[in-house]
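To start, the structure itself, in structure tokens.
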Amino acid sequence: MLREAVRDCVLPEVYDRQKHPFMSPPARNTGDALSVFCQDTLRSRSVEDQPFFNPCRIRGLMDQVATMEPADRAAFEGVVLRIVSTCILQQRFGLAA
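So the sequence shown is residues 2 to 98, counted in our numbering.
What follows is the structure, given as structure tokens:
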């Protein structure tokens with residue numbers, strides 16, 4: 002939709018090129034604030050309290066993610082952020098299955 006809106010304003014090369022995914026910085030660096038927050042959250046008591054995911058498997062996943070190459074880690078970033086979001090929602094609002 003946005004592409005169509007700017008069709009008359011951009012060069013044909015820009016309009017016709019294939020879309021490329023955006024790689025966020027946390028996917029590339031395990032020491033940044035968001036990555037540390039995710040690791041801390043998914044190794045805390047909040048993982049035990051949420052009703053949707055197996056805490057042992059989450060911790061195992063986080064052990065694997067911490068040792069992955071950046072490109073591989075990027076593939077798991079969305080999953081990790083969803084699980085962290087679930088833990089935060091549990092803390093704030095008391096989710097139930």
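Ideal Cβ positions, reconstructed from N, Cα and C, are used throughout, including at glycine.
For Cys-170, the first and last residue of its enclosing alpha helix (DSSP H): Lying outside 2 to 98, the shown extent of the chain, residue 170 is not represented and no answer is given.
Continuous alpha helix (DSSP H) assignments of at least 4 residues falling wholly in the segment 65-94: 71-94
Between the CA atoms of Ser-47 and Leu-90 - distance to the nearest angstrom: 10 Å
Nearest residue (CA-CA) to Cys-88, options Val-66, Gln-40, Thr-68, Val-11: Of the listed residues, the one whose Cα sits closest to Cys-88 is Gln-40.
Given Pro-52 as reference, the closest of Met-63, Met-2, Ala-97 once Cα atoms are compared: If we check each option's Cα against that of Pro-52, Ala-97 comes out closest.
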